[in-house]
Structure formats: C-alpha cells, structure tokens
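Chemist: Handing you a structure now.
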Amino acid sequence: MDFTLTPEQLSFRDEVRSWLKKNLPKDWSTKVQAASDVPREEAYDFLRQWQRKMYEAGFVGLTWPKESGGRGLTFMEEMILQEEMALAKAPPVLNILAVGMAGPTINAYGTEEQKKRYPPKMLSCEEIWCQGYSEPNSGSDLAALQTRAVKDGDHYVINGQKVWTSLAHIADYMMLLARTDPHAPKHKGITYFLLDMHTPGVTVKPLKQITGDAEFNEVYFDNVRIHESQILGGLNNGWAVGLTTLMYERLALGFGLQVRLRIALDGLVDLARRSTKNGTPATKDPVTRQKLAQMWIDTEVFKYTGARAITKLLKGELPGPEASTGKMMWVEGHQRLQELAMELEGPYSQLTKGSRWAVENGLWQYGFLRSRANSIEGGTTEIQRNIIGERVLGLPKG
Amino acid sequence: MNFGFSDEQELLRSTARKFFENESPSETVRRLMDTPEGMSPELWAKIAEQGWLGLIVPEAYDGMGLGFVDLTVLMEEMGRAVVPGPYFSTVLLGGLAILEAGNEAQKKEWLPKIAGGARRATLAWMEPTAMLGPAGVTLAAKAAGGGHTLSGTKLFVPDAHTADAIVMAARTGGGVGEDGVSLFLVPRTARGVEVKLLPTMDQTRKLCEVTLTDVTLGPEALLGAPGLGWKPLERVLERACVALCAEMCGGAQKVLDMTVEYAKIRQAFGKPIGSYQGVKHKAADMLVDVENSKSITYYAAWAMDEGSPEGSLAVSMAKAYVSDAYRKVSAAGIQLHGGIGFTWEHDLHLYFKRAKGSEFTFGDATYHRERVAQLVNL
Numbered sequence: 237m238d239f240t241l242t243p244e245q246l247s248f249r250d251e252v253r254s255w256l257k258k259n260l261p262k263d264w265s266t267k268v269q270a271a272s273d274v275p276r277e278e279a280y281d282f283l284r285q286w287q288r289k290m291y292e293a294g295f296v297g298l299t300w301p302k303e304s305g306g307r308g309l310t311f312m313e314e315m316i317l318q319e320e321m322a323l324a325k326a327p328p329v330l331n332i333l334a335v336g337m338a339g340p341t342i343n344a345y346g347t348e349e350q351k352k353r354y355p356p357k358m359l360s361c362e363e364i365w366c367q368g369y370s371e372p373n374s375g376s377d378l379a380a381l382q383t384r385a386v387k388d389g390d391h392y393v394i395n396g397q398k399v400w401t402s403l404a405h406i407a408d409y410m411m412l413l414a415r416t417d418p419h420a421p422k423h424k425g426i427t428y429f430l431l432d433m434h435t436p437g438v439t440v441k442p443l444k445q446i447t448g449d450a451e452f453n454e455v456y457f458d459n460v461r462i463h464e465s466q467i468l469g470g471l472n473n474g475w476a477v478g479l480t481t482l483m484y485e486r487l488a489l490g491f492g493l494q495v496r497l498r499i500a501l502d503g504l505v506d507l508a509r510r511s512t513k514n515g516t517p518a519t520k521d522p523v524t525r526q527k528l529a530q531m532w533i534d535t536e537v538f539k540y541t542g543a544r545a546i547t548k549l550l551k552g553e554l555p556g557p558e559a560s561t562g563k564m565m566w567v568e569g570h571q572r573l574q575e576l577a578m579e580l581e582g583p584y585s586q587l588t589k590g591s592r593w594a595v596e597n598g599l600w601q602y603g604f605l606r607s608r609a610n611s612i613e614g615g616t617t618e619i620q621r622n623i624i625g626e627r628v629l630g631l632p633k634g
Numbered sequence: 202m203n204f205g206f207s208d209e210q211e212l213l214r215s216t217a218r219k220f221f222e223n224e225s226p227s228e229t230v231r232r233l234m235d236t237p238e239g240m241s242p243e244l245w246a247k248i249a250e251q252g253w254l255g256l257i258v259p260e261a262y263d264g265m266g267l268g269f270v271d272l273t274v275l276m277e278e279m280g281r282a283v284v285p286g287p288y289f290s291t292v293l294l295g296g297l298a299i300l301e302a303g304n305e306a307q308k309k310e311w312l313p314k315i316a317g318g319a320r321r322a323t324l325a326w327m328e329p330t331a332m333l334g335p336a337g338v339t340l341a342a343k344a345a346g347g348g349h350t351l352s353g354t355k356l357f358v359p360d361a362h363t364a365d366a367i368v369m370a371a372r373t374g375g376g377v378g379e380d381g382v383s384l385f386l387v388p389r390t391a392r393g394v395e396v397k398l399l400p401t402m403d404q405t406r407k408l409c410e411v412t413l414t415d416v417t418l419g420p421e422a423l424l425g426a427p428g429l430g431w432k433p434l435e436r437v438l439e440r441a442c443v444a445l446c447a448e449m450c451g452g453a454q455k456v457l458d459m460t461v462e463y464a465k466i467r468q469a470f471g472k473p474i475g476s477y478q479g480v481k482h483k484a485a486d487m488l489v490d491v492e493n494s495k496s497i498t499y500y501a502a503w504a505m506d507e508g509s510p511e512g513s514l515a516v517s518m519a520k521a522y523v524s525d526a527y528r529k530v531s532a533a534g535i536q537l538h539g540g541i542g543f544t545w546e547h548d549l550h551l552y553f554k555r556a557k558g559s560e561f562t563f564g565d566a567t568y569h570r571e572r573v574a575q576l577v578n579l
C-alpha cells in the first residue's frame, strides 16, 4: 500500500498545477461552487472554450490512445488531473458524454474509419455528443426500447422518440440505440448507431425541468436516414455495445464525481463560514458541525473507495465490489450536501436568482433542485441497488 | 499509488482466515466467552506460535516488526471470527503503550515476553466519567519516597483480570490538560490493586473495574517521562482505534456474507427472499457500508505507518464512519434473517453486540465527527 507518487507522476502533477494556475479563468471559481452537475446553459459557450483550451494543453483524454488524440497515459494520471482540477476548482469538461462514454466505446468497438473520424473531435469539443437511450416507455427497462431502424438499401430509416436527452439541443452526434429486429428477444434486436444530429427528420424539443432550465430534451426521429457505416459494433449487437458505454459511464463518473463532490463541499464549507444560526456563526453550532463533518468524511471515503478500484484497474484486474458503489455514494452524498446548503441558508433558501437578497444569486437553489435528478439519471438508485444485489452479491433476479 | 494489499499481506489473510476457522469456530467462541478468561491457554499458545502477538513488535524485541497495514489484515480476520480474549488488549493497548512510552529496559523486559505469549498487559485510561480527552485522567499519583502512590478507579479496562501488568494513566501534576498525565506500569498483583470483572453485553470482550488504594510503586514503574504521558497515550489510542476499525470491518463483512448466503436459500412466497427488492436493496446498502469502511480504515492504517500529518484526521474519519457502518450492517443482518437472527443460537448477536461495544470504544461517531470538524478547522 502506497499513496506516494513517482517522480514522473509528481512532475505531471506540477505540470497540471502550474497550467491551471496560469489558465484558470478567475471569475469562474465563484460561479462553479454550487454547480457540481451538468453545467447550466449560460455556461456552454464558456465551457466549449475551456475544454478546447484544456485539450490544446493535452489535458483531455489522458487515457485515450495517441491515435485517437489522447496521450496514452494511465488512470493514475487521470486521477492526478482530476485531483488538481478539484483543488483549483476548475470548470468541468463539457463534452463529458463523448469523452467519458462515446469515445471509449468507439475505441473498443469501432472500425478503423470510425476510430479515426470521431474521437479527436470529441476531445477538442468540436463535436458535442449526447446519449439516445431512454424513451418514454423504456427508462430503467432499457432493452424495451421501441425506436425502430428499418433497412432500406444501404441505409436504415429511423422512427421513434428519445427522452431526457441531456445536451441534445447543442449536440452534433448521438449514441443511438434503436431496434433493428423486432422479432428477436428484446436484448438481441438492438443496434448501436452513431447519428448525426443535423440529419433531416431529427427534431429536438427542450424540456423545461424543475430548475426552470432546459438542459435535457425530447428527440423525435421522423424517417431519419442513416448509412449502415454508422453502425457501431455490428448489427443487432447494440445491447453489448450499449452496456460497454454504461460501464465507461460509471468509470468516468467515478473519477469526475469525486472531484465535483469535493468542489461542492468546499463551496458548502465556505457558505457555512459566512452563515449564521440564531445570531452565532453556523460553524459554531454543534449540530451543523456534525453534519458538515459527516459530509467531509463521506467525500473522503468516496475518494478512497475510488482509489481502491483504480488500483485494481492499474494492476489489470477487473474492478471489484468497491467499484459498483460509486454512483450510489455520489447521489446520496450530493443530495444530502445540497439539502445542507438549504439548511444553512435557512429562510433565505426560498429566494432565487434575481433578488438582491438571494444568497450567491440563487446558485445553491439551482444546485439543490438539479440534484433531485442525480438519483434518476445514469441508472436510478433502485437499478444501482439491483445491479449490486445481483451482479456483485449474486442474489437471484426478481 | 497502490491502494491494495501485497502478495505477502494476501497470504497473511488467507492463513489467518483458515487459522481462525479451524481454531476459533463459533462453538469455541461460545465456550470461551462463557469463561471469565475468554481465552484458553491452548489457543493463546497457537496464536503466539503464528508470531501474531509480536506482529507489530520490532524485531529487536523478538517481534515480526510489521506495520499497521499488515496488522489490519489480521484484525479483519479476527473480527470476522469474533475471536474472544486478550489479543487486542495485550498487543494494541498494553504492549503498544510499552513500545511507545517505555524506556529501553522496560521494552527489553516486556516486549519479547508479550510477543512470545508468556506475558499479557493492558491499558487503563478511562475512568467512571467516561471522558475521552486528557481531562478524563484524574487518578492521583502522588510522589512518595522516590516513587509514587496511586489511588483511584479505572473503568472499562479490557482484560485487566488476566493481565500481568496494567499500564495506568494517572495524574502526577495538577490541572486537567495534557501536562501532568503520567503512565505507570502496575503489576496486577501489586498490593492495593483490586480488579473486578464486569458483566458485559458483548461477552467476547471482558471489561474490568480496577480500583487502586494507596498502591506504592518504585521509580522503575514510571513509563516514560513524568507528566508527559498524554502524547504517547494518544498515539497508542489512535493506533488501537485503527486496529479496532479493521476488526469491525471484518465483522461487518462476515455479517454481510451470512446475510447474502441466507437470502439465497431462505424461501418466502415460493421464491428466495434475496430476489425481493426489499431484501436485495438492503443488502446492497450493506455492501456500500462495508466497502467504504474498508477504504477509510486501510487509508488510516497506511497513514499510521507513514506517520502522515493527516494521521489523526484519518483515524477520526475511520472511527466515525465504521462505528455507524458496523452498527447499521449488523442490525440489518438481524432484520434480513428474521426471527432466527434474534435467537441466541444464531451467531448474528455476537456481531451485533461486538458492533455496539466497539462503537463506544475510543469514542463514538459523534465524538469523532466533532474531532474531524476541529482538525479541518471548521
């Protein structure tokens, strides 16, 4: 057991640290405090430029192969990068669905052509990706999806609808799961397509969320024609390819979420230091101290459980039970953190953006509302518990 | 970075698991916990033979000279088997106190015998006020004829009734702070020492009341510098706390294993109960608690070995987390077993009671959360 870094890793850390110090936009650090989730719309342009800048400095896609525009480094460097970004309160990578999920899946299943075409533009944020999985009648039961893809010459014609599609309104491509064989058992008739969102027949309708923002969408397909060369991983093999994406999702989330939770916690501690409770500083209140300390502990625990999973990856082993817990821990921790922010603000928690009395211009109110989605998106907490129960503990299916 | 165990440590784990499965199965645990000693001379000799009594004793004193990460592995396995008896008190309390505070002569005299299994020692620091900080140490040690005379009562002293020596935290100076706390090595048979075994909820842990009435000790009984005993005592308590967390992790993992096993075979409404989400989801939550407990405990053990400046913080984070986790996991284990889990015959209560006792040893979650708050300058 050893937490120390090698000289090479230390010099990589210094490289990241000094780059961040020089290039981090100053005003961002206050804006980002409570925004530990998918960024708000007003931040998109800023984030596009930020990712581009990070990419040019070589800090996006560290673990990707060089031919895909990455640096061919290990998860260790990725972890160091994430740690430094947390310390510096750096903005997140906007094109995370591409960098964290679509890219690794294409690198795993793609043709040479596909591998050359797509991944580099993901890293530079030239092309933003979204994930077309969920439908109105298939959420947790993903394999029940009904969007159809019917062969017509060397094309497929897509009809159907996706929903809760984050970033679709600014996306250039979609990881699309569609049914190509309606007669096969439900897991066996699905194909994974790489869809150009600018194709005629694709309609994106933003959905207003409980935050008032519209960062996710409904996406309609009306006779959308897609060339068969856009199939990833083979016809009717979409379920296996899609699960690979979800595996990468959890991995990517594991790194990223730990960092975002730490940033949010630092913001919460700052908020606590500025808050009062019955006229005395909130940080002197014993109950508040207990809750803040527990948040601190849980954030650290999350980090070390992640470190155990990464150690196994670095050794070339499959992640063990500790790797499956990340999503659930993040959800529970982050929702509790946001509740605690409301508690610290007390009656002021009722005020949102626009009031001069609103704390930090309503940033925490947004984060609080947004956090309710955490236990639904990317696999509900109920589904996560099923996965742990069945695949890790080996309990029988219901 | 490598946050995993070495091949040697994995070997120690499998050796220890096999050893305790053979030597300390449930029937043995139950037989021993009904005796006042909580340990048989045969099992003690076998543990000594493995070298485990000297696992963290330096080689210069006939120990194995291993660290806390190594010890973590062994403690997890001991917790898994709810091994009763004075291993913890001898190795982590009495023995470690002599190692941390003793002079060369005292270490030479005691450590090889502890490592070999010939002597046992424990530590008495808590008093009836049950305060954890230096203010809790009030037992008076008055200077007398080159030595000291000790009078007062110590409570919750593990295995004092079977220890050869009790390391006693006492006050040689006034006040309630760190200054003035001194450690003494008191033979259990010294005149004026009275040891009373207390009935405990966790019968695998033997706790005593130790009353000292004008116990006269020579200068050789002083362990370390007079008045400066708090720092080494704190080091001992922190290290013991990490070892306790490891033991708790092992117990919690065993409860999870038993519960999952049972949920696979126990049928209700024509299906294994583990197929119902009401059971499955609870088991998933138990796994999260168990895995997280291990993560923070391993980190704390590593921090002890490295002398990391974050050591105290790591200890408190671990004890806060694991105290809650073991309590929750062992209670959930009983719940998911249903009626059988509430019986004396089933082993679950051994773990449930161990969890409760451990929760309040070296400070509970509330205490350690406040300590975390202080250490991170909240």
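Line by line, the protein sequences give chains A and B. To convert, count from 1 in the first sequence and add 236; that's the working numbering. To convert, count from 1 in the second sequence and add 201; that's the working numbering. Heads up, the beta-carbon is just placed ideally off N, CA and C, and yes, glycines get one too. Computed from a predicted model, the values in this text were never measured in an experiment.
1. So, at 7 Å on beta carbons, what are the nonlocal neighbours of F543/B in its own chain, with the 5 sequence-adjacent residues on each side left out?
2. DSSP beta-bridge partners for D228/A?
3. Using 10 angstroms around the beta-carbon of H419/A, count the other beta-carbons present and answer buried if the total reaches 16, otherwise exposed.
4. A526/B and V270/B look like a contact to me (Cβ under 8 Å); what is the Cβ gap, rounded to whole Å?
5. Using beta carbons (cut-off 8 Å, strictly below), is T567/B in contact with chain A?
6. For R510/A, return the contacting residues in chain B, with the cut-off set at a CB-CB distance below 7 Å.
7. Does the separation of the CB atoms of R281/B and K455/B fall below 8 Å?
8. When you compare each of W253/B, E277/B, V274/B and E278/B to G266/B by their alpha carbons, which one comes out closest?
9. Can you pull out the residues from the stretch 288-313 of chain A whose beta carbon lies closer than 9 Å to at least one beta carbon of chain E?
10. Ends of the alpha helix (DSSP H) at N331/A?
11. In chain order, what residues of the stretch 497-524 of chain B put their CB closer than 7 Å to some CB of chain A?
12. Roughly how many angstroms lie between the CA atoms of P285/B and P420/B, to the nearest whole one?
13. Quick one: what's got a C-beta closer than 6 Å to S374/A's C-beta in the same chain, skipping five residues either side?
14. Between which two residues does the alpha helix (DSSP H) containing V443/B stretch?
15. At least one CB of chain B closer than 8 Å to the CB of R498/A: is that the case?
16. Following the continuous beta strand (DSSP E) through V460/A, name the residue where it begins and the one where it ends.
17. Which whole runs of the alpha helix (DSSP H) in the stretch 464-497 of chain B are 4 residues long or more, in chain order?
18. Using 8 Å as the threshold, is the C-beta distance between T480/A and T341/A below it?
19. In chain A, which residues lie less than 8 Å from G205/B when you measure between Cβ atoms?
20. Which chain B residues are close to V537/A, counting only those with a beta carbon under 8 Å from its beta carbon?
21. Is there a Cβ from chain A that is less than 8 Å from the Cβ of G479/B?
22. Give the residues of chain B in contact with Q526/A, contact being defined as C-beta atoms less than 8 Å apart.
23. Assess, as a yes-or-no matter, whether the stretch 398-417 of chain B is touched by the stretch 350-365 of chain B under the definition of 3 or more beta carbon pairs within less than 8 Å.
24. Measure the alpha-carbon distance for T460/B versus L233/B and round it to whole angstroms.
25. Along the stretch 618-634 of chain A, what residues have a CB closer than 9 Å to any CB found in chain B?
26. Identify the contact partners of W532/A in chain B, using a Cβ-Cβ distance below 7 Å as the criterion.
27. By the criterion of Cβ-Cβ separation under 8 Å, what are the contact partners of M564/A in chain B?
28. Could you please give me the residues that DSSP links to R415/A through a beta bridge?
29. Answer yes or no: do L256/A and E314/A have a C-beta to C-beta separation smaller than 8 Å?
30. Does any CB atom of chain A fall closer than 8 Å to the CB of S383/B?
31. Nearest-angstrom Cα distance between Q494/A and K539/A?
32. Quick one, are the C-beta atoms of L384/B and G334/B less than 8 Å apart?
33. Measuring alpha carbon to alpha carbon, tell me which residue in P328/A, Y345/A and L576/A is nearest S511/A.
34. Candidates L599/A, I332/A, I316/A and N395/A: which alpha carbon is nearest L431/A's?
35. Given a limit of 8 Å on CB to CB distance, which residues of the stretch 262-278 of chain B reach chain A?
36. For K302/A, I'd like the list of residues in its chain whose CB is within less than 7 Å of its CB, leaving aside the five on either flank, ordered along the chain.
Modeler: According to the structure shown:
1. Residue numbering aside, residue 543/B sits at position 342 when the second sequence is read from its first letter. By the criterion of a C-beta distance shorter than 7 Å, F543/B is surrounded in its chain by I535, once the five residues flanking it on both sides are discounted.
2. Here chain A covers residues 237 to 634 and nothing more, so residue 228/A does not appear.
3. Taking the first residue of the first sequence as 1, we reach residue 419/A at position 183. So H419/A counts as exposed.
4. Within the second sequence, numbered from 1, the residue matching residue 526/B stands at position 325. Within the second sequence, numbered from 1, the residue matching residue 270/B stands at position 69. Approximately 20 Å separates the beta-carbon atoms of A526/B and V270/B; this is outside 8 Å, ruling out the contact.
5. By 1-based counting over the second sequence, the position of residue 567/B is 366. Among the CB atoms of chain A, one or more fall inside 8 Å of the CB of T567/B.
6. Counted from its first residue, the first sequence places residue 510/A at position 274. Correct list: empty, because the minimum Cβ distance to chain B is about 13 Å.
7. Translated into positions along the second sequence, residue 281/B becomes position 80. Translated into positions along the second sequence, residue 455/B becomes position 254. Cβ atoms of R281/B and K455/B: closer than 8 Å.
8. Along the second sequence, read from residue 1 onward, the residue named residue 266/B stands at position 65. Among W253/B, E277/B, V274/B and E278/B, the Cα nearest to that of G266/B is on W253/B.
9. In the structure shown, chain E cannot be found, because the protein chains are A and B.
10. Sequence index remark: in the first sequence, residue 331/A carries index 95 (1-based). Following the DSSP letters along the chain, one finds N331/A in no alpha helix (DSSP H), marked with neither H nor E.
11. So the close ones are I497, Y499, Y500, W503, M518, A521 and Y522.
12. Taking the first residue of the second sequence as 1, we reach residue 285/B at position 84. Taking the first residue of the second sequence as 1, we reach residue 420/B at position 219. Taking the straight line joining both Cα atoms gives about 35 Å.
13. Taking the first sequence and counting its residues from 1, the one referred to as residue 374/A is at position 138. So the list reads A380 and L381, once near-sequence residues are dropped.
14. Stepping through the second sequence from its first residue, residue 443/B is reached at position 242. Annotation: the continuous alpha helix (DSSP H) that includes V443/B extends over W431 to I466.
15. Counted from its first residue, the first sequence places residue 498/A at position 262. With 8 Å as the cut-off, R498/A does not count as an interface residue toward chain B.
16. Along the first sequence, read from residue 1 onward, the residue named residue 460/A stands at position 224. Segment F452 to H463, the beta strand (DSSP E) holding V460/A.
17. For the stretch 464-497 of chain B, not a single whole alpha helix (DSSP H) run of length 4 or above is found.
18. Position 244 of the first sequence, counting from 1, holds the residue named residue 480/A. Position 105 of the first sequence, counting from 1, holds the residue named residue 341/A. In this structure, T480/A sits near T341/A, with a CB-CB distance shorter than 8 Å.
19. Position 4 of the second sequence, counted from the start, is the residue given in the question as residue 205/B. One finds M237, R544, T547, K548 and K551 in chain A with Cβ atoms closer than 8 Å to the Cβ of G205/B, taken in chain order.
20. Position 301 of the first sequence holds residue 537/A. Near V537/A (Cβ distances below 8 Å), the residues of chain B are N493, S496, I497, M518 and Y522.
21. Position 278 of the second sequence, counted from the start, is the residue given in the question as residue 479/B. Not one chain A Cβ lies under 8 Å of G479/B.
22. In the first sequence, counting from the first residue as 1, residue 526/A sits at position 290. Chain B residues near Q526/A: T567, R570, E571 and A574.
23. With a cut-off of 8 Å, the stretch 398-417 of chain B and the stretch 350-365 of chain B count as touching, because enough Cβ pairs lie within range.
24. If you number the second sequence from 1, residue 460/B lands on position 259. If you number the second sequence from 1, residue 233/B lands on position 32. Distance between the alpha carbons of T460/B and L233/B: 25 Å.
25. Listed by position along the chain: E618, Q620, R621, N622, I623, I624, G625, E626, V628, L629, G630, L631, P632, K633 and G634.
26. Here residue 532/A is taken as the residue at index 296 of the first sequence, counted from 1. Among the residues of chain B, those whose CB is under 7 Å from the CB of W532/A are V573 and V577, following chain order.
27. For this step, residue 564/A is matched to residue 328 along the first sequence. Ordered by position in chain B, the residues that pass the 8 Å Cβ test against M564/A are A485 and V489.
28. The residue labelled residue 415/A in the question sits at position 179 within the first sequence. R384/A and I426/A.
29. For the purposes of this step, residue 256/A is taken as the residue at position 20 of the first sequence. For the purposes of this step, residue 314/A is taken as the residue at position 78 of the first sequence. Inclusion of L256/A and E314/A in the CB contact set at 8 Å is not warranted, their separation being larger than that value.
30. Position 182 of the second sequence, counting from 1, holds the residue named residue 383/B. S383/B does not count as touching chain A.
31. Locating residue 494/A in the first sequence gives position 258, counting from the first residue. Locating residue 539/A in the first sequence gives position 303, counting from the first residue. Distance from the CA atom of Q494/A to the CA atom of K539/A, rounded to whole angstroms, is 6 Å.
32. One-based indexing of the second sequence puts residue 384/B at position 183. One-based indexing of the second sequence puts residue 334/B at position 133. Taking C-beta atoms as the reference points, L384/B and G334/B fail to come closer than 8 Å.
33. As a working note, residue 511/A is residue 275 in the first sequence. Comparing Cα-Cα distances from S511/A to each of P328/A, Y345/A and L576/A, the minimum goes to L576/A.
34. Along the first sequence, read from residue 1 onward, the residue named residue 431/A stands at position 195. With respect to the C-alpha of L431/A, the residue from L599/A, I332/A, I316/A and N395/A having the closest C-alpha is N395/A.
35. So the close ones are V270.
36. Position 66 of the first sequence, counting from 1, holds the residue named residue 302/A. Counting only Cβ-Cβ distances below 7 Å, and skipping sequence neighbours, we find G308.
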